[in-house]
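Asks: Have a look at the structure that comes next, please.
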Amino acid sequence: MRTKIVAGNWKMNKTLSEAQALTTQVLGLCSAEVSAPVKVILCVPYPYLPVLTPQVKHSKVDIGAQNCSEHDAGAYTGEVSAAMLKSMNVPYVILGHSERRQYFHETGKLLAAKVDRALAHQLIPIFCCGESLDIREKGTHESLVRQQVEEALFHLSAEVISKIVVAYEPVWAIGTGKTATTQQAQDMHAVIRKQLVGKYGDAVAQAIPILYGGSVKPDNAKELFSCPDVDGGLVGGASLKARDFVDIVKCA
Ligand code: PEP
1 MRTKIVAGNW KMNKTLSEAQ ALTTQVLGLC SAEVSAPVKV ILCVPYPYLP
51 VLTPQVKHSK VDIGAQNCSE HDAGAYTGEV SAAMLKSMNV PYVILGHSER
101 RQYFHETGKL LAAKVDRALA HQLIPIFCCG ESLDIREKGT HESLVRQQVE
151 EALFHLSAEV ISKIVVAYEP VWAIGTGKTA TTQQAQDMHA VIRKQLVGKY
201 GDAVAQAIPI LYGGSVKPDN AKELFSCPDV DGGLVGGASL KARDFVDIVK
251 CA
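So this is what it looks like as structure tokens:
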């Protein structure tokens with residue numbers, strides 16, 4: 001049985017004091033109301049990592065970053081390396097979010113390098129994949145997502161890929177209020193699982209968590225998380241409100 005995971009992606013939101021208050025609220029609600037063995041992760045802006053990581057120590061909540069560099073160190077102004085994240089005891093990092101693919105032109109080749117840097121520093125990548133609306137309408141979404149997974153992950157050994165988390169996030173459902181139906185989510189998660197079975201075998205593929213992301217809310221999370229291949233969620237907008245986020249966690 002795969003442990004369910006609910007990760008919040010705060011994106012570029014909250015001031016420092018708001019971030020601390022939100023974390024306090026999430027910790028309080030989680031400890032009072034969450035008894036199931038679900039893993040909860042808050043992926044927060046870089047500057048808050050060294051503040052929030054000690055704040056969640058000894059709790060059910062882990063902290064993650066939202067990106068890292070493909071380089072280890074050097075003259076890359078504004079970038080943050082996986083080694084830096086590791087040095088702040090950050091265990092998770094989102095890689096390949098569609099906003100980074102779209103606005104920062106991140107390619108499969110670049111993401112393969114970022115995945116390698118993260119893993120080399122014992123960070124767990126939450127690797128995002130997903131198709132845009134025009135690809136979904138053309139009917140080529142399955143092959144596009146398979147290509148994204150293959151390009152960024154299939155150079156990894158079976159032992160190493162077992163450490164990662166995949167998040168399927170249809171771009172047309174991110175921040176739009178439009179959610180994939182349970183059937184659409186389950187179908188794509190099954191496609192990814194089958195692809196992983198084909199490359200790495202059943203035991204490895206069955207152990208890799210595949211999260212769904214795209215307008216997950218308290219009122220649709222239960223249904224989505226009940227799909228056999230949906231192992232939890234990556235939550236954007238609803239992770240900015242402690243009540244909504246923890247209500248989603250309780251659905252896992
Ligand atoms: C996301 O940004 O990863 C996301 C899923 O956002 P939202 O939940 O707001 O659609």
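The sequence shown begins at 1 in our numbering and counts up by one. A virtual CB, placed ideally from N, CA and C, is assigned to each residue, including glycine.
#1: Which term fits residue 66, buried or exposed, when burial requires 16 or more other beta carbons within 10 angstroms of its beta carbon?
#2: DSSP has residue 62 in a bridge; who is on the other side?
#3: Which stretch, first to last residue, makes up the alpha helix (DSSP H) that contains residue 255?
#4: Can you tell me whether residue 235 sits near the ligand PEP, meaning its C-beta is under 6 Å from at least one heavy atom of the ligand?
#5: Taking only heavy atoms of the ligand PEP into account, decide whether any of them is closer than 6 Å to the Cβ of residue 226.
#6: Would you list the residues sitting across from residue 48 in a DSSP beta bridge?
#7: Considering only the alpha carbon of each residue, which of 126, 73 and 109 lies closest to residue 94?
#8: DSSP three-state call for residue 234: helix, strand or coil?
#9: Check whether the Cβ atoms of residue 168 and residue 212 lie closer than 7 Å to each other.
#10: When the Cα atoms are used, what is the spatial distance from residue 59 to residue 143?
#11: I'd like the span of the alpha helix (DSSP H) that includes residue 254, first residue to last.
#12: Please list the terminal residues of the continuous alpha helix (DSSP H) segment that includes residue 76.
#13: Measure the beta-carbon distance from residue 131 to residue 141 and round it to whole angstroms, keeping in mind my assumption that it falls under 8 Å.
#14: Hey, residue 227 and residue 186: beta-carbon distance below 7 Å or not?
#15: By DSSP, does residue 145 sit in helix, in strand, or in coil?
#16: From the DSSP output, read off the bridge partner residues of residue 118.
#17: Going by Cα to Cα distance, which pick from 184, 81, 165 and 166 is closest to residue 172?
#18: For the beta strand (DSSP E) holding residue 5, just list the boundary residues, first then last.
#19: Give every residue of the same chain whose Cβ lies closer than 6 Å to the Cβ of residue 2, excluding the five residues on either side of it in the sequence, and list them in chain order.
Replies: If we stick to the structure as given:
#1: buried
#2: 41
#3: An answer regarding residue 255 cannot be provided, because it is not within the stretch 1 to 252 covered by the chain.
#4: yes
#5: no
#6: In DSSP, residue 48 forms no bridge with anything.
#7: 126
#8: strand
#9: yes
#10: 40 Å
#11: Outside the displayed range of the chain (1 to 252) lies residue 254, so it cannot be described from this structure.
#12: Run containing residue 76: none; DSSP gives neither H nor E here.
#13: 4 Å
#14: yes
#15: helix
#16: Paired residue(s): none; residue 118 is not in a bridge.
#17: 184
#18: 5-9
#19: 209 and 231
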